[in-house]
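Quick notes on the structure that follows.
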Amino acid sequence: MTPSKMQLNRRNLLALGGAAAATLAAGSLANPAAARAPLLGVSLAKHWRYKLGAFEITTIMDSEAFIDGPYPIIGKNAEEADVRALMRTNLVPETRYQPGFSPTVINTGKHLVLFDTGNGATGFVPRPNGGWLVDQLGPAGFKSEDIDVVVLSHGHPDHVAGIMENGKPLCPNARYVICGAEYDYWAPANKHTGELESLAAVFRANALPVAEKFTMIKPGDDVVPGIRSLAAHGHTPGHLAFVIESEGKQMLFWGDCAHHHVASLARPDWHCVFDIDKEQAVATRKTIYEMAATERWPVIGYHMPFPSIGYVERRPTGGYRWVEHSFQLYP
Ligand SMILES: [Zn+2]
């Protein structure tokens, strides 16, 4: 149960115990006018906007779902007790967490670029618990028809299932950019079976209707001026990260180089069940985290807790730590 859904009912009252319950029952519940103010539930902003040089960076919440984990999603090759102990040390729950699902809009002044399209109707967290991007673009200040480039970090459903909405492209005037190896992995029919085929089916349902608008790139290619791709393979065969640069300032969009802000960073060697090539993903995490820590880049981490912007600190005892953004990217 989320706090927002928590209601003051008889069972809660009993749990409160004798005197307190009796006071509440006799007072605010029996006579609602006596309540000082209604409880409002948890409230989280659904978009955050930052500046990087002349660029504006907006992360948008596509879901606020809690999921079970991090073990065994992360740490299948470790002991569950070790994963739990790391959570305890870092003051986060041991068996549930709230990953970000954070499509990101970058306004370069010349281009309006959307990174990943969220869960849509058929993603990892389908509606009503995910797939919020379509309804959050407007409140964040954007019209979907103004987006001229959609960048796909990779082909998993929580990144591509928002391409199509009710049979039409969410961004009707956009072209799509993806690593060629990634497109070739997911797009062909009859290539996969089982779970992989169910993922591929979501990719095909979203990508094939706009296939003629795709541009295939390779690591090192520019998407638009100021946005350059970077190899981050392993999670999927053509998974890409992106270096964003404006007026000499740089930041990184790392897609799915981390799935839990504590576990992935502290133990990049712990396998993630979603990684297609587990060992390549380990090597990529180490490379990307080391780069982010050395360059002191701000990072947009799609699955970091919303608003999904932070920094990477190298820990003296090994591994890394996610340091949430505070105010570094405000003017
Ligand atoms: Zn993902």
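Position 49 of the sequence shown, counted from 1, bears residue number 923 in my numbering, the numbering being contiguous throughout.
Built from N, CA and C at the ideal position, the CB exists for glycine as well.
Cβ-heavy atom distance, D1032 to ligand 1, below 7 Å: yes
CB contact flag (E1153, G1112, <8 Å): no
Residue from H1030, T978, E954 and H1028 whose Cα sits closest to the Cα of K920: T978
Helix, strand or coil at F1077 according to DSSP, with G and I counted as helix: helix
Classification of V1186 by the beta-carbon crowding that lies within 10 angstroms, buried from 16 upward: buried
Check: D1130 C-beta below 7 Å from any heavy atom of ligand 1: yes
Stretch pair the stretch 981-999 + the stretch 1025-1044: three plus CB contacts closer than 8 Å: yes
Alpha-carbon spacing of G891 relative to V1076, whole angstroms: Its pLDDT being 47, under 50, G891 is placed unreliably in this model, and the value from its coordinates should be taken loosely. Cα-Cα distance, rounded: 50 Å.
For A896, the three-state DSSP class (helix, strand or coil): For A896, the predicted structure reports a pLDDT of 45, less than 50, and the residue's modelled location is therefore unreliable. The matter cannot be settled from this model.
Check whether E1198 and G1184 have beta carbons under 8 Å apart: yes
Rounded C-alpha distance that separates V1023 from L988: 6 Å
Per DSSP, cross-strand counterpart(s) of H921: I934
Y1176 (DSSP reduced to helix, strand or coil): coil
Residues of its chain near M1178, where Cβ-Cβ distance is below 7 Å and the 5 sequence neighbours each way are ignored: G974, A1132, H1135, G1184 and W1196
Nearest neighbour of M1038, chosen from D990, D1149 and L1070 [CA to CA]: D990
Supposed contact pair T933 and I1162 - C-beta distance, whole angstroms, cut 8 Å: Contact doesn't hold; Cβ gap of about 18 Å is too wide.
Unbroken stretches of the beta strand (DSSP E), 3 residues or longer, contained in the stretch 1021-1047: 1023-1025
Nearest to G1094 (by Cα), restricted to the options E953, I1052 and T1110: I1052
Endpoints, the beta strand (DSSP E) within which T1089 is located: F1088 to I1091
heavy atom of ligand 1 below 7 Å from Y1176 C-beta: yes
Supposed contact pair Y1050 and T1089 - C-beta distance, whole angstroms, cut 8 Å: 7 Å
Ordered list of beta strand (DSSP E) runs contained in the stretch 940-994, each at least 3 residues: 978-981 and 986-989
F1201 versus T1168, G1100 and W922, residue with shortest Cα-Cα distance: W922
Residues bridged to Q1124 (per DSSP): E1119
Local conformation of D1058 per DSSP, three classes: helix
N-terminal and C-terminal residue of the alpha helix (DSSP H) that T1051 is part of: The sequence given here has Val at residue 1051, not Thr. No alpha helix (DSSP H) holds V1051; the beta strand (DSSP E) holding it covers R1049 to C1053.
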